[in-house]
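Read top to bottom, the protein sequences are chains Y and V.
All you need for the numbering used here is the position in the first sequence, starting with 1, plus 40.
All you need for the numbering used here is the position in the second sequence, starting with 1, plus 9.
Where is the CB? At the ideal position from N, CA and C, for every residue including glycine.
Encoded as C-alpha cells, the structure appears first; notes follow it.
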Amino acid sequence: MTMLQLEWAYAALALLLIGTAWLNLRQRHWAQAAFWMVLAALFASGHWVLRAQQSGHAQPAQIAGIGVLALALLAPMMRRVDAGEAPLRLRQLRAGVLGHWLFMPALLIPGVTLLIALFGADLHWYGTTLFVAAQQTLMGLAVASLVALLAAWRLTRAPAGAVLHESRRLIDTLGWAALLPLVLAALGGVFEAAGVGRVLSTLMGDVIPTTSFAACVLAYGLGMVVFTVIMGNAFAAFPVLTAGVGLPLLVRLHGADPAVVGSLGMLCGYCGTLLTPMAANFNIVPVALLELRNPWSVIRAQWPTALPLLVFNLFALYLLAMR
Amino acid sequence: MNMWPLLGVALVVLGFARRWNPVLVVVSAGVLSGLLAGFSIAQILALLGTSFESNRALLLYVLTLPAIGLLERAGLREHAQRWIERLHGLTLSRLLIGYLGLRQILSMLGLTNVAGQAQTVRPLLAPMAEAAAMRESPGADASTAAQIREEARALAAATDNIGLFFGEDVFIALGAVLLIHGFYVSQGIDLQPLHIALWALPTAIAAFVIHALRVHLVTRAMARRARAVQASDDHAAA
Chain Y
41 MTMLQLEWAY
51 AALALLLIGT
61 AWLNLRQRHW
71 AQAAFWMVLA
81 ALFASGHWVL
91 RAQQSGHAQP
101 AQIAGIGVLA
111 LALLAPMMRR
121 VDAGEAPLRL
131 RQLRAGVLGH
141 WLFMPALLIP
151 GVTLLIALFG
161 ADLHWYGTTL
171 FVAAQQTLMG
181 LAVASLVALL
191 AAWRLTRAPA
201 GAVLHESRRL
211 IDTLGWAALL
221 PLVLAALGGV
231 FEAAGVGRVL
241 STLMGDVIPT
251 TSFAACVLAY
261 GLGMVVFTVI
271 MGNAFAAFPV
281 LTAGVGLPLL
291 VRLHGADPAV
301 VGSLGMLCGY
311 CGTLLTPMAA
321 NFNIVPVALL
331 ELRNPWSVIR
341 AQWPTALPLL
351 VFNLFALYLL
361 AMR
Chain V
10 MNMWPLLGVA
20 LVVLGFARRW
30 NPVLVVVSAG
40 VLSGLLAGFS
50 IAQILALLGT
60 SFESNRALLL
70 YVLTLPAIGL
80 LERAGLREHA
90 QRWIERLHGL
100 TLSRLLIGYL
110 GLRQILSMLG
120 LTNVAGQAQT
130 VRPLLAPMAE
140 AAAMRESPGA
150 DASTAAQIRE
160 EARALAAATD
170 NIGLFFGEDV
180 FIALGAVLLI
190 HGFYVSQGID
200 LQPLHIALWA
210 LPTAIAAFVI
220 HALRVHLVTR
230 AMARRARAVQ
240 ASDDHAAA
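Next up, the structure:
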C-alpha cells in the first residue's frame, strides 16, 4: 500500500477543470464549459474505467470513447476567450515590491520534483511508502505543483478567487491544444490495433535494394523519421520499423550490432519528432502556451537543427553498426 | 493484407494541410482506420476510451498552471525581463545554450519532468529570452520587435525540446532505452541497457554542438535585422 497514488493528482486536475468550466459557464461560453466538463469527467473516472476494462467490462470504456468523440465535436466550436489578465502597470508595481522572491515558488516546481524524483522512493510514513517507484517523478511534479501554489499564494497574498481565475486564464489559453497529445495517443492505439504500421513496413520492405548496406541504413533511418512524423511518436514507430526493417535487414542480413541499430534508429525517430505537428505536446502545446501567432513557429525553430542531426545519425549508424 | 486502414493516415495529412481542427481530424482518423480495419463501433469506442484514459499522464503539467498563473498576476514575467535587462553579460545565446546544456544533463539523469514547456519555459525561459533579444535589438520598430519577440519565444521552446530528447535517451532506467531493450528481448536478443544508452552519447554531443551553433547564428541574425531596420529608419529620417 502506498500513500500517494497518481489518481489523487488526476482528481485534483479534474477539480481544476470543473472550476474552469464553471467560470466559462457563468460567462456563457457554452462550448468551453462543456469541453472542460467532459474532460474533467474523463479524468475523474479514468481509474475506474481502466479497472473495469481489465476485468472484462467494456461498457465504461465505451462511454469514455463517447466522451472522446464529444470532445472532438466541441473542439472546433471553442472560440478564443479573453479571460482578463491583471493590468501591466499593476503587475510591474507588484513585481517591484516582491522582486527576486517571485522566482522562489517558480523554482520550487523543478526543485521539489527533483527532490522527490531522487529520494521519493525512500520516504516512509508509519511503515507505508509514500510514492510508487514507477510514478515518483510524475507524482513529484504533482506534489511540486501544490507546494509551489501554496508558496505563491502565501507570497503574493492573492485572494482565493484569483487562484481559480488565473488557472482558468492559462487553461483557456491552451484551449483544445491541451487535448491534442491525448487524442494522438488514442489514435496511435487505433493505428496499432488496425495494423497500419505492419502494412507500411511490408510495403517498404518490397522496394528496398536489400543487398546494399547503405540502402538498408537509409531505409531504416528515414523510415523511422517518416513513421514518427506520421504517428507523432518515435516510441510508436520503433517496434514497427525495427521488426520490419532494422532487425531482418540490418541485424540479421548484414550482421549489424543490434545495440547501435536500436539506439541510433530511435534517435533518427527523435529528429522526426522535432518536425511534426503530430508530436503535439512538444510542437503544438507550446504554441498555445507561449501565445505564438504562427502554429508552425516551434517546428520552424527546430528543423534547421533536426536535419543536420539526422545526417549525423545516419552516418553514425552506417559507421558504428559494422565496426 | 488489408491496406484500407492507411486512409486514416491520409486523412490526418489532409486535415493538417487544410488546417481543420486537429482534435476533430485526429479522432475522425482513428474512427475511420478502425472501421476500415473491420472493428465494430463498440470496439472502436472502447479502444478510444482505453487509450485516452491510459495516457492521462500527458496532461499532468496542467497542475503547474495555478502556481504559474498567480505568479504571473504578481508580475513574474515582468520581473524576469527587468532582471535580464540589467544582466548585460547574459546574452540571448548564452542564456539558451546554458539552458540547453542543463536540460540535457538533467534528462540524462532521468529528471525529465523537472523542466518543461509549462514548468520552466512559459514562466521563466521565454520571458528572459524575449528580454535578452530586445536588449540586443535596440532601435527595432514595433513590427520587427514583435517578430523578434515571437522568434525568441519559439527558439526557447525548441531549445527545451532538443535538450529533453537528446538527453533522455542516454538515461538507462526509463523511456527509450527500456523500450529498445524490451523490444530486443521479445525478439530473443538480450542486450545490456547500458550498452544501448552509450551509443546515444555521440548524438547527444552532436545535438548540443549543432543547436548551440544555430542559436548563436540565429541570435546574431536577429540583431543584424534590427540594425538594418534602424539604419533604414535613420536614412528615411535624414
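field: Residues that residue 132 of chain Y contacts on chain V, provided the C-beta gap is smaller than 7 Å
entry: Neighbours of residue 132 of chain Y on chain V, chain order: 84 and 87.
query: How about residue 200 of chain Y and residue 177 of chain Y: are their beta carbons less than 7 Å apart?
result: In this structure, residue 200 of chain Y lies away from residue 177 of chain Y, with their beta-carbon atoms at least 7 Å apart.
- request: Check the Cβ-Cβ distances between residue 65 of chain Y and every residue of chain C, and say whether any is below 7 Å.
  value: Of the protein chains in this structure, namely Y and V, none is chain C.
task: Would you list, in chain order, the members of the region 293-317 of chain Y that have their beta-carbon closer than 7 Å to a beta-carbon of chain V?
output: For the region 293-317 of chain Y, which is checked against every Cβ of chain V, the residues closer than 7 Å are 298, 299, 300, 302, 303, 304, 306, 307, 310, 313, 314 and 317.
message: Tell me which residues share the same chain as residue 185 of chain Y and place their Cβ nearer than 8 Å to its Cβ, disregarding the 5 neighbours each side in the sequence.
response: Excluding its 5 nearest sequence neighbours in each direction, residue 185 of chain Y has C-beta neighbours in its own chain below 8 Å: 149, listed in chain order.
query: Helix, strand or coil: how does DSSP classify residue 155 of chain Y here?
result: Helix, per DSSP.
task: Rounded to whole angstroms, what's the CA-CA distance from residue 320 of chain Y to residue 166 of chain Y? Just pull it up for me.
output: Within the model, the alpha-carbon separation for residue 320 of chain Y versus residue 166 of chain Y is close to 42 Å.
task: Say whether chain Y places a C-beta atom closer than 7 Å to the C-beta of residue 143 of chain V.
output: Not one chain Y Cβ lies under 7 Å of residue 143 of chain V.
field: 7 Å Cβ cut-off: residues of chain V touching residue 321 of chain Y
entry: Within 7 Å Cβ-Cβ: 67.
message: With a threshold of 6 Å on Cβ separation, who are the neighbours of residue 129 of chain V within its own chain once the five nearest residues in sequence on each side are excluded?
response: Within the same chain, residue 129 of chain V has no close Cβ partners at all.
query: Would residue 250 of chain V count as contacting chain Y if we go by Cβ distances under 7 Å?
result: Residue 250 of chain V lies beyond the range of chain V shown here (10 to 247); nothing can be said about it.
message: Determine whether the beta carbon atoms of residue 89 of chain V and residue 10 of chain V lie at a separation below 7 Å.
response: No Cβ-Cβ contact shorter than 7 Å links residue 89 of chain V with residue 10 of chain V.
task: Could you check if residue 14 of chain V is buried or exposed, using at least 16 other CB atoms within 10 Å of its CB as the buried criterion?
output: Flag for residue 14 of chain V reads buried.
- prompt: How long is the line joining the alpha carbons of residue 125 of chain Y and residue 327 of chain Y, rounded to whole angstroms?
  reply: In a straight line, the C-alpha of residue 125 of chain Y is about 19 Å away from that of residue 327 of chain Y.
message: Let me make sure I understand the geometry here. Which of Y:287, Y:344, Y:330 and Y:202 has the alpha-carbon closest to that of residue 82 of chain V?
response: When only C-alpha atoms are compared, the closest one is Y:202.
message: Among Y:350, Y:337, Y:101 and Y:255, whose alpha-carbon lies nearest the alpha-carbon of residue 293 of chain Y?
response: Across the set Y:350, Y:337, Y:101 and Y:255, the C-alpha of Y:255 shows the shortest separation from the C-alpha of residue 293 of chain Y.
- prompt: Taking DSSP as the reference, what is the three-state secondary structure of residue 69 of chain Y?
  reply: If DSSP states are grouped into helix, strand and coil, residue 69 of chain Y belongs with coil.
- prompt: Just how far apart, CA to CA, sit residue 157 of chain V and residue 344 of chain Y?
  reply: One alpha carbon belongs to residue 157 of chain V, the other to residue 344 of chain Y, and they sit about 18 Å apart.
- prompt: Mind checking whether residue 73 of chain Y and residue 32 of chain V have CB atoms under 7 Å apart?
  reply: Going by C-beta atoms, residue 73 of chain Y is not nearer than 7 Å to residue 32 of chain V.
task: Using 10 angstroms around the beta-carbon of residue 298 of chain Y, count the other beta-carbons present and answer buried if the total reaches 16, otherwise exposed.
output: Note on residue 298 of chain Y: 16 or more other CB atoms within 10 angstroms of its CB, so buried under the neighbour-count rule.
message: In chain order, what are the residue ranges of uninterrupted alpha helix (DSSP H) at least 4 long that sit wholly in the region 204-286 of chain Y?
response: Whole alpha helix (DSSP H) segments, 4+ residues: 220-234, 236-247, 253-271 and 274-281.
message: Do residue 289 of chain Y and residue 313 of chain Y have their beta-carbon atoms positioned less than 7 Å apart in this structure?
response: Not in contact: residue 313 of chain Y and residue 289 of chain Y (Cβ atoms no closer than 7 Å).
- prompt: Measuring CA to CA, which of Y:235, Y:261 and Y:70 is closest to residue 46 of chain V?
  reply: Y:235 is the residue among Y:235, Y:261 and Y:70 whose C-alpha sits nearest the C-alpha of residue 46 of chain V.
message: Taking beta-carbon pairs under 9 Å, can you tell me which members of the region 51-63 of chain V lie near chain Y?
response: For the region 51-63 of chain V, which is checked against every Cβ of chain Y, the residues closer than 9 Å are 51, 52, 53, 54, 55, 56, 57, 58, 59, 60, 61, 62 and 63.
field: Contact set between residue 42 of chain V and chain Y, taken where Cβ atoms lie within less than 7 Å
entry: Chain Y residues near residue 42 of chain V: 230, 231, 234 and 236.
query: Is it true that the CB of residue 197 of chain V sits closer than 7 Å to the CB of residue 101 of chain Y?
result: The answer is no: Cβ separation not under 7 Å.
- prompt: Which residue from Y:361, Y:330, Y:260 and Y:105 puts its Cα closest to that of residue 160 of chain V?
  reply: Ranking the options by Cα distance to residue 160 of chain V, first place goes to Y:330.
task: Determine the DSSP secondary structure at residue 188 of chain V, reduced to helix, strand or coil.
output: The answer is helix: DSSP assigns residue 188 of chain V an H, G or I state.
- prompt: If we ignore side chains and look at the alpha-carbon of each, how far apart do residue 188 of chain V and residue 117 of chain V end up?
  reply: If you draw a straight line from the Cα of residue 188 of chain V to the Cα of residue 117 of chain V, it is about 16 Å long.
field: Residue burial classification, residue 132 of chain V (beta-carbon count within 10 angstroms, cutoff 16)
entry: Buried, since its Cβ has 16 or more Cβ neighbours within 10 Å.
task: Per DSSP, which residues does residue 294 of chain Y bridge with? Please list them.
output: In the DSSP output, where bridge partners are listed per residue, residue 294 of chain Y has none listed.
query: Taking residue 163 of chain V as the reference, which of Y:45, Y:275 and Y:332 has the closest Cα?
result: When each option's Cα is compared against that of residue 163 of chain V, the closest is Y:332.
query: When burial is assigned at 16 or more other CB atoms within 10 Å of the CB, is residue 246 of chain Y buried or exposed?
result: Result: exposed.
field: Chain-ordered chain Y contacts of residue 149 of chain V [CB-CB under 7 Å]
entry: Here the premise fails: no neighbours, minimum Cβ distance about 17 Å.
- prompt: Which residues of chain V have a Cβ atom closer than 9 Å to the Cβ of residue 198 of chain Y, listed in chain order?
  reply: At a C-beta separation below 9 Å, residue 198 of chain Y has these neighbours in chain V: 79, 82 and 83.
- request: For residue 187 of chain V, return the contacting residues in chain Y, with the cut-off set at a CB-CB distance below 8 Å.
  value: Those do not exist, as residue 187 of chain V stays about 10 Å from chain Y at its closest Cβ, beyond 8 Å.
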